[in-house]
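Asker: Listed in order, the protein sequences are those of chains A and B. With our numbering applied, the first sequence covers 1 to 125. With our numbering applied, the second sequence covers 1001 to 1125.
There are 2 protein chains.
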Amino acid sequence: MKKEQKAADNPAAFERSSCPITNVLDLFGDKWTLLVIRDLVLGKRRYQELIVSPEKIASNILADRLKKLEDAGIITRQAYQQKPARYEYRLTQKGEELQPILEAIITWGLKYYPGTTIFPRIERY
Amino acid sequence: MKKEQKAADNPAAFERSSCPITNVLDLFGDKWTLLVIRDLVLGKRRYQELIVSPEKIASNILADRLKKLEDAGIITRQAYQQKPARYEYRLTQKGEELQPILEAIITWGLKYYPGTTIFPRIERY
DNA sequence: TATAGTAACTTGCAATTTGCAAGTTACTAA
DNA sequence: TTAGTAACTTGCAAATTGCAAGTTACTATA
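Printed below as a string of structure tokens:
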């Protein structure tokens, strides 16, 4: 639906409605974004670390999701070297506070998808 | 990616990986499915009740999501009259147990999307 | 008998997103 | 000069989303 028509119904200028769930899903409602958050929680930082996962995320999808998360203030992108510039991604406070959502999903998933197991955190110095 | 190649990497035959989050997102990782669950939690039962929401879900998307949720055992579809057959949808126990996920999303959403408010439950007899 | 209304969808198709796989950039190392 | 690396971008086919009209199986009304 056109943004202008939704705006008419929606004076506070949320994208689809004033429901918090709707607004969260506007950012996280796809199959990949919360998996990127998972991997950052587990300690991955660099693009090459994030691209390696059993789910085999496509590199244009990973790049797209990282950009959206950065724009939303969920993660930061920081250079760890200069020539050439290379970057690490970290969760912000806002991003860290997504963990209860992941935990609730894990709780439900472990119960209803027997045989699933939580992935280990990677060691970081 | 082809299902056969993923199956090779994935002996327990999960769609993408053995992570519980991944499996939950295989069903809920889109912008609409958790909103359908929200509306069922709020007491909506019939298709015409579910189709009316500020987010203006498309009727083919609603039908598609209800079918998927029924196939996954999250909701039931029961006739409330016979001629013509007309149906109500209810959450199963498995579906009710999604509420902690919605609650975690709401908690984060209320904090980070100021001005959002939780929708009221509808009165039911 | 004809017409209108209702609820629960289905359909055709355009627009958008996903995902494959190759390519690009800006460096360093050999 | 060539190869390697990390972080993406690109072109394009396949899949999904979403619009809006249509269908089905009934009942109500004139």
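Backbone N, C-alpha and C define an ideal beta-carbon position, used for all residues, glycine too. Since this is a predicted model, take the numbers as computed values, not measurements.
Just curious, the beta strand (DSSP E) that I75 of chain A is in, first and last residue?
Answerer: Counted from its first residue, the first sequence places residue 75 of chain A at position 75. Note, I75 of chain A: beta strand (DSSP E), I75 to Q81.
Asker: Return helix, strand or coil for Y1113 of chain B, following the three-state DSSP convention.
Answerer: Position 113 of the second sequence holds residue 1113 of chain B. Note: Y1113 of chain B maps to coil in three-state DSSP.
Asker: What is the DSSP secondary structure of L42 of chain A, counted as helix, strand or coil?
Answerer: Stepping through the first sequence from its first residue, residue 42 of chain A is reached at position 42. It is coil, neither helix nor strand.
Asker: Measure how close the beta-carbons of I118 of chain A and I1105 of chain B come, nearest whole angstrom, since I'm counting them as under 8 Å.
Answerer: Taking the first sequence and counting its residues from 1, the one referred to as residue 118 of chain A is at position 118. Taking the second sequence and counting its residues from 1, the one referred to as residue 1105 of chain B is at position 105. With a Cβ gap of about 20 Å, I118 of chain A and I1105 of chain B do not count as contacting.
Asker: Thinking C-alpha only, which one of A:K83, A:A13 and A:L98 is nearest T33 of chain A?
Answerer: Counting from one through the first sequence, the residue named residue 33 of chain A turns up at place 33. Closest option to T33 of chain A, Cα to Cα, is A:L98.
Asker: Report the option in B:T1107, B:Q1081 and B:E1096 whose CA atom is closest to the CA atom of D1039 of chain B.
Answerer: Reading the second sequence from its first residue, position 39 is the one you call residue 1039 of chain B. Residue B:E1096 is the option with its Cα nearest to D1039 of chain B.
Asker: Which bits of chain B does R38 of chain A rub up against, with CB to CB less than 9 Å?
Answerer: Stepping through the first sequence from its first residue, residue 38 of chain A is reached at position 38. Those are C1019, I1021 and T1022, listed as they occur along chain B.
Asker: Compute the distance between the beta-carbons of T22 of chain A and L1110 of chain B, then report whether it is under 8 Å.
Answerer: Taking the first sequence and counting its residues from 1, one reaches residue 22 of chain A at position 22. Taking the second sequence and counting its residues from 1, one reaches residue 1110 of chain B at position 110. No, the pair does not count as a contact, with Cβ atoms beyond the cut-off.
Asker: Output needed for R1045 of chain B: all residues of its chain with C-beta closer than 7 Å, excluding positions within five of it in sequence on either side, in chain order.
Answerer: Within the second sequence, residue 1045 of chain B is the residue found at index 45, counting from 1. If we look at R1045 of chain B and ignore the five residues flanking it on each side, its Cβ neighbours are E1088, Y1089 and R1090.
Asker: Can you tell me which residues form a DSSP beta bridge with R90 of chain A?
Answerer: The residue you call residue 90 of chain A lines up with position 90 of the first sequence. In DSSP, R90 of chain A forms a bridge with A:T76.
Asker: Rounded C-beta distance between Y1112 of chain B and K94 of chain A? I'm assuming under 8 Å.
Answerer: Against the second sequence, residue 1112 of chain B aligns to sequence position 112. Against the first sequence, residue 94 of chain A aligns to sequence position 94. Their Cβ separation, rounded to whole angstroms, is 6 Å, which keeps Y1112 of chain B and K94 of chain A in contact under 8 Å.
Asker: Out of B:A1079, B:D1030 and B:D1026, which has the shortest C-alpha to C-alpha gap to L25 of chain A?
Answerer: Position 25 of the first sequence, counted from the start, is the residue given in the question as residue 25 of chain A. Taking only the C-alpha atoms, the option nearest L25 of chain A is B:D1030.
Asker: Assuming L27 of chain A and K68 of chain A make a contact with CB atoms under 8 Å, what is their CB distance in whole Å?
Answerer: For the purposes of this step, residue 27 of chain A is taken as residue 27 along the first sequence, with counting starting at 1. For the purposes of this step, residue 68 of chain A is taken as residue 68 along the first sequence, with counting starting at 1. Rounded, the Cβ-Cβ distance is 7 Å, consistent with contact.
Asker: Does chain B have any CB closer than 8 Å to the CB of I106 of chain A?
Answerer: If you number the first sequence from 1, residue 106 of chain A lands on position 106. I106 of chain A counts as touching chain B.
Asker: Is the Cβ-Cβ distance between L1062 of chain B and I1122 of chain B less than 8 Å?
Answerer: By 1-based counting over the second sequence, the position of residue 1062 of chain B is 62. By 1-based counting over the second sequence, the position of residue 1122 of chain B is 122. The answer is no: Cβ separation not under 8 Å.
Asker: For F28 of chain A, report the span of its alpha helix (DSSP H) as first-last.
Answerer: One-based indexing of the first sequence puts residue 28 of chain A at position 28. First-last of the alpha helix (DSSP H) with F28 of chain A: P20 to F28.
Asker: So, does the CB of L1042 of chain B fall closer than 8 Å to a CB anywhere in chain A?
Answerer: Numbered from its first residue, the second sequence carries residue 1042 of chain B at position 42. Taking Cβ atoms only, chain A never reaches closer than 8 Å to L1042 of chain B, which makes this a no.
Asker: Taking only beta-carbon atoms, is I1101 of chain B less than 8 Å away from chain A?
Answerer: Locating residue 1101 of chain B in the second sequence gives position 101, counting from the first residue. It does; some Cβ of chain A falls within 8 Å.
Asker: Which whole-angstrom value describes the C-beta separation of T1116 of chain B and T1092 of chain B, a residue pair presumed to lie in contact below a C-beta threshold of 8 Å?
Answerer: Looking up residue 1116 of chain B in the second sequence gives position 116. Looking up residue 1092 of chain B in the second sequence gives position 92. 28 Å between Cβ atoms; not a contact.
Asker: Helix, strand or coil: which one does DSSP assign to R121 of chain A?
Answerer: Residue mapping note: residue 121 of chain A aligns to position 121 of the first sequence, counting from 1. R121 of chain A: coil per DSSP, three-state reduction.
Asker: Please report how far the alpha carbon of P1120 of chain B lies from the alpha carbon of Y1080 of chain B, in whole angstroms.
Answerer: Residue numbering aside, residue 1120 of chain B sits at position 120 when the second sequence is read from its first letter. Residue numbering aside, residue 1080 of chain B sits at position 80 when the second sequence is read from its first letter. For P1120 of chain B and Y1080 of chain B, the distance between alpha carbons rounds to 24 Å.
Asker: Since S17 of chain A and E1055 of chain B should fall inside the 8 Å C-beta cutoff, what is the C-beta to C-beta distance between them, to a whole number of angstroms?
Answerer: One-based indexing of the first sequence puts residue 17 of chain A at position 17. One-based indexing of the second sequence puts residue 1055 of chain B at position 55. That belief holds up - the Cβ atoms of S17 of chain A and E1055 of chain B are roughly 5 Å apart, short of 8 Å.
Asker: With a threshold of 7 Å on Cβ separation, who are the neighbours of G73 of chain A within its own chain once the five nearest residues in sequence on each side are excluded?
Answerer: As a working mapping, residue 73 of chain A is identified with position 73 in the first sequence. T92 and K94.
Asker: Does the ligand GDP have even one heavy atom less than 7 Å from the beta-carbon of P54 of chain A?
Answerer: Annotation note on the ligand GDP: not contained in the displayed structure, which lists no ligands.
Asker: At 9 Å on the CB atoms, spell out the chain B contacts of E75 of chain A, in chain order.
Answerer: Numbered from 1 along the first sequence, position 75 holds the residue referred to as residue 75 of chain A. It is Ile, not Glu, that sits at residue 75 of chain A in the sequence shown. Near I75 of chain A there are no residues of chain B at all, since even the closest Cβ is about 14 Å away, more than 9 Å.
Asker: Considering only the alpha carbon of each residue, which of B:A1013, B:C1019, B:F1014 and B:E1070 lies closest to I1037 of chain B?
Answerer: Position 37 of the second sequence holds residue 1037 of chain B. Nearest option by C-alpha distance: B:E1070.
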